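Residue numbers (this note's numbering), protein chains in the order written: chain A, 1072 to 1479; chain B, 925 to 1155; chain C, 31 to 440.
Just so it is clear, CB atoms sit at the ideal spot from N, CA and C, and this is done for glycine as well.
It should be emphasised that the depicted structure is a prediction, and the values quoted were computed from it without experimental measurement.
Below: one structure, written as structure tokens.
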Amino acid sequence: MNITWRLAWRNLWRHRRRTWLTVGAMIFCNVLMVFLISIQLGSYTMMIDNTLNAATGHLQVQHRGYLDDQKMRQTVPAAAALAERLRGTPGLQSVAARASAFALASSEERSFGIQVTGVQVDFEAGVSTFPGLLQRGRYLREPLADEVVIGSVLAENLKVDVGDEITLLGSGLDGSFAAAIANVVGIVETGIEQVDRSVAQVALPWFQQVFAMGDHGHVVVARVNDLEGVADAVVRVQQQLSDPDLVALDWDTLQPGLRQAITSDMASAWFMYGTLIVLVAFSALNTQLMSVLERTREFGVMLALGLGPGRLARLVGIESLIMAALGLGIGVLLGALVVWYFHLFGFHLPGMEEMASRFNLPDRMYPEVSLVSIFWGPGTVFLGVLLAAIYPALRLYRLQPVEAMRAV
Amino acid sequence: MSAIHCQALCKTFRQGEEVITGLNNVSLQVEKGEFLCLSGPSGSGKTTLLNALGGLATPDSGEITVGEHRIDQLSKGALAEVRLRNIGFVFQAYNLVPVLSARENVEFVMQVQGVAAAERRRLADAILEEVGLTGMEDRLPAELSGGQQQRVAVARAIVSKPELVLADEPTANLDSKSAAELMGLFVALNRDRGITFVIATHDSRVMAYARRLIKMVDGVVVSDEQQAPQF
Amino acid sequence: MALALNTVATLAWRNLWRNYRRTLIMLAAITLGVWAMIFMSAMMRGMTDSVIGNGLALLPGEVQVHHPDFRRDPSVVNRMPAPSEELTGILDSPPVTGWSARVRVPAVVSSERDSRGVVLLGIDPQREAALGSLPQEIIAGRFLESADDRGVVLGASLARRLETELGKRVVLMSQDPDNNVADKGVRVVGIYRARLQGTEDLFVYAGLTPMQAMLGIGNDVSEIAATADDYRAVSQWYPQVEAAAGDNLEVLPWTELDSYLGTLLKVQDGFTLVFMVVVFLVLAFGLVNTLIMAVFERVREIGLMQALGMKPALILAQILLESVFLLVLGLVVGNLLAWVTIKPMESGIELSGVAEGLEMAGMSATLYPTLDVRDMLMATLVVLALGLVASILPAWRAANLDPITALAKN
């Protein structure tokens, strides 16, 4: 090891307690940040997945304007055929067409206005988790059967169970009166009350018949293999759309709240992290300044011997670097252990279930283990500590050897 | 060419309201291989003169030439370079880097000079042997006596083979025996290597070793005499 | 003793400024920490107020009375009679500042072009005004004038989706208690804008009396909502309402009506404290460090004082006082800084860039940070109390130095 590094290392341990307190502040801050950021990123991923997997998918083809107005006549012509065609697009995992219409659903005892969705029985499971969340009964099977699957709360409100009939009243695409009777074959429970209160799915062809839609649908939903590839997929899908009225939209456009919720949560989290990082940097600044000031005499001798102030500044910089590296290394190690533990066993905050379900999160969270989640926070602390060395190092340039040697 | 040539050096300090004269029109010529003592009471200007010769303090007026370098005209960086290569410094005791061993204290300066690692170690050990510290290379300053610490400082000062060594009260804080040993080392280095020594001191034990003795009072050279060293 | 303390205080103060750079850096750190604590609390409070305020405006009220089955099954079947005299007695007296009995049923509203499922509210506008649950803003036409008003007021987003407008007719359709379709053509007399777009799509306002007539339920209502204008105080008065309502009705405070909001309030208070403690812990490392250094530099001096006969307790007091001076200075500046920075922001910060994300959390796009003296007090208390605890170790070490060794130290 080079003498400068050896010197820096030994200088750090002249005040063992001071160095450990400074490094301790970094370690504490780092462990905390590794843990919080991992939980945060983990919950963002879950939030995105859970929200998009439920029904939205990663991208959708819609009639221009449908997203805002959701009017019945804003259709996608030949929706099932388009879905079939898009299935060959590279990067897309699964594609399914849907149509939806408003209808008054009545059982013997109750009536509710609901949004009925026609889905492709064979493909819906690829773009939505509903088919897998059956509480009772079975999912839709036949494309033309008069069958409906509804959410558990809706079933309760309508006072119907599997085997009962509900009447659907609405208007068709052509403005005609649409009416049909469907058998409840399955009841879905997602655990999210809002969804369980509103979901009602029927087979797409049957839907098109009842609501006089012809071969039209309202959206073609797709999931991609890799969330990072959504932008490319949107471009590829858009290129295949010959109808100028159709647009391919990514999840960010479909659910603008999602990314913004993440952004605003990030902002407030980073306010907290920023505060901690600046405080740690102050702590390091104080330590380095002390260590420079108390060595004034020593530095004076070195200057007199002909060492330039730049060399002394480098020495102080190396000392900070070692401290920062210790904080980084130990902090990341401990932080990673904590994160790893919770990654295996999950993290549960009692009393947070309500908050969690509002953002489509389960009540047990699993932190994300990745280089980013682990090194993001500590890396910033590392940089902050190095920045804090600038002021003490600069003071060395103002040092006059003769006066410095006279200092006590 | 002489070792040191200075002409009409003046330097004043401010201490509170008072203006203190550090050097008042001092001129001095030192030949190569001289062994010279600057003496005088504190505040006489001897340390100021020494600092000026080493480029640690810039005179208000006057010229200083050390070897071939015009000290008063060099930039700070160039001065540092001259001190690093051409001038050796020995200060009062306790001027070693406390966390470096004897060998590392010597090596540290050489590293700055850009000497290769293996060469550094060889030179450091040789020079430590020369100052009589064989076997103590790995001790930290705190584990050495005051005299031994000063010998490490001497080793550090001469390792770059300077033509000139400036020493400021090198025997302060030393007992008589250590002081005598240190002066013996200075004399030997002066004799064997031809290094010019300028020593500022008010220790009469030190003055006895000098071949030339300059007395200063209030920034003025009051006497400048050759003398026969008593040892 | 008082004199001694006086001397010690002077000493502590002067010592603080001996190494003024270190003191200033530490002071800056404490100030920043305190500021961040209060700033974060103000933001959190503003956020919580916004979410809860929006939530309560939607609920509405802080206490609601329902048929026991209504919340699970919000049908017209689960209705209740108009409030009894005993209940109105409670609702008309303080601290209740407003209450309203309303019809609230799921319904379908159809225009010539389209239909949508909504929640139909049959209300008395005067009572709703006292409750504070009127729509944010009427952007066209007027709001309902009385409980007998025969018009209907739609949200702007709903009107757009139905392709209807002011003055046009729409059909309201719901079910009567016998599950027959109850419908009625009404004229759109007003369009409102709400803070959240979801609200505009969901709620349709109509007069109480015409709705009761349409549904054939006489004077019955679906819910009674009451407010006392301070959501934190609800636990003090809702038991009286509960007693007056009798056993056949369900009376719940907002914390249970919307458990998300209830949790949020708890989480906010908890998080604020946790944040303060975490910030303090990071500060504490620096504080302890500064004190240890201050003691370390003065070992000789302290030894001298001991040799001169100063009692260890006074030395302890001196170091603690030094810490207290530092903390108090930091607290004063930090609190002032927080006041100065937050006060101008209380008129609102525009966050429209992430409006939809905030809507997901139930917040409006404008955040109103709320500087609360309680938060300032809490931050001050946390810093002072924990700061003293952290200072005890260095102070204790100083007080227990051995004078001989201390004096001998170079």
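Does the beta carbon of residue i sit closer than 8 Å to a beta carbon anywhere in chain A?
i	result
S105 of chain C	yes
N949 of chain B	no
Q1151 of chain B	no
V1007 of chain B	Strictly speaking, residue 1007 of chain B in this sequence is Arg, with Val absent from that position. R1007 of chain B counts as touching chain A.
L980 of chain B	yes
Q1035 of chain B	yes
E1093 of chain B	no
N1097 of chain B	no
N1114 of chain B	no
V1039 of chain B	no
M323 of chain C	yes
V1078 of chain B	no
At the level of alpha carbons, what is the spacing between residue i and residue j?
i	j	result
R157 of chain C	A1283 of chain A	45 Å
S1444 of chain A	I1401 of chain A	16 Å
V1141 of chain B	T972 of chain B	12 Å
L1397 of chain A	A1168 of chain A	55 Å
S1114 of chain A	A87 of chain C	29 Å
I254 of chain C	L202 of chain C	22 Å
D1267 of chain A	I1221 of chain A	8 Å
E1093 of chain B	D1127 of chain B	8 Å
Q1326 of chain A	A1302 of chain A	15 Å
A1338 of chain A	P374 of chain C	20 Å
F1453 of chain A	A1079 of chain A	17 Å
L1383 of chain A	K341 of chain C	43 Å
L357 of chain C	V413 of chain C	7 Å
A1375 of chain A	R1081 of chain A	22 Å
M110 of chain C	R132 of chain C	10 Å
Contact criterion: CB-CB distance below 8 Å. Does residue i meet it with respect to chain B?
i	result
V1372 of chain A	yes
L1347 of chain A	no
A1459 of chain A	no
I1074 of chain A	yes
According to DSSP, residue i sits in a beta bridge with which residue or residues?
i	result
F1353 of chain A	Paired residues: none, contrary to the question.
G136 of chain C	The displayed chain sequence assigns Pro, not Gly, to residue 136 of chain C. C:V149.
V1190 of chain A	A:R1169, A:A1274
R938 of chain B	B:V943
H96 of chain C	C:E253, C:E280
F1121 of chain B	B:F959, B:V1089
D1310 of chain A	Before going further, note that residue 1310 of chain A is Gln rather than Asp in the sequence given. Bridge partners of Q1310 of chain A: none, in fact.
H1419 of chain A	A:R1435
R994 of chain B	B:T989
Measure how close the beta-carbons of residue i and residue j come, nearest whole angstrom, since I'm counting them as under 8 Å.
i	j	result
F305 of chain C	M67 of chain C	7 Å
N1225 of chain A	S1269 of chain A	The sequence as given places Leu at residue 1225 of chain A; Asn does not occur at that position. The pair is a contact, with the Cβ atoms about 7 Å apart (cut-off 8 Å).
V138 of chain C	G147 of chain C	6 Å
A1125 of chain A	T1075 of chain A	No, A1125 of chain A and T1075 of chain A are not in contact; Cβ-Cβ is about 59 Å, not under 8 Å.
M1394 of chain A	V1094 of chain A	6 Å
Would you verify that the beta carbon of residue i is, or is not, closer than 8 Å to some beta carbon of chain C?
i	result
R1088 of chain A	yes
V1105 of chain A	no
T1093 of chain A	yes
L1470 of chain A	no
Among residues of its own chain, excluding the 5 on either side of residue i, which ones have a beta-carbon nearer than 6 Å to its beta-carbon?
i	result
A1081 of chain B	G1012, F1013, V1014, V1089
E116 of chain C	A274
A189 of chain C	I221
H929 of chain B	Q953, T989
Residues in its own chain within less than 8 Å of residue i by CB, not counting five upstream and five downstream?
i	result
D79 of chain C	Y398, T400
F1106 of chain A	G1406, V1409, V1410, F1413, P1438
V1076 of chain B	L1020, A1026, N1029, V1030, L1052, V1055, L1057, P1065, L1068
L1298 of chain A	I1119, H1129
If you drop the 5 nearest sequence neighbours on each side, which residues of the same chain put their C-beta closer than 7 Å to that of residue i?
i	result
A1174 of chain A	I1185, V1187, L1239, L1240, G1241
D1209 of chain A	Residue identity differs from the one stated: residue 1209 of chain A is Arg in this sequence, not Asp. The residues are V1256, G1257.
E272 of chain C	V281
Along the stretch 1357–1369 of chain A, what residues have a CB closer than 7 Å to any CB found in chain F? Absent from the structure: chain F. Protein chains present are A, B and C.
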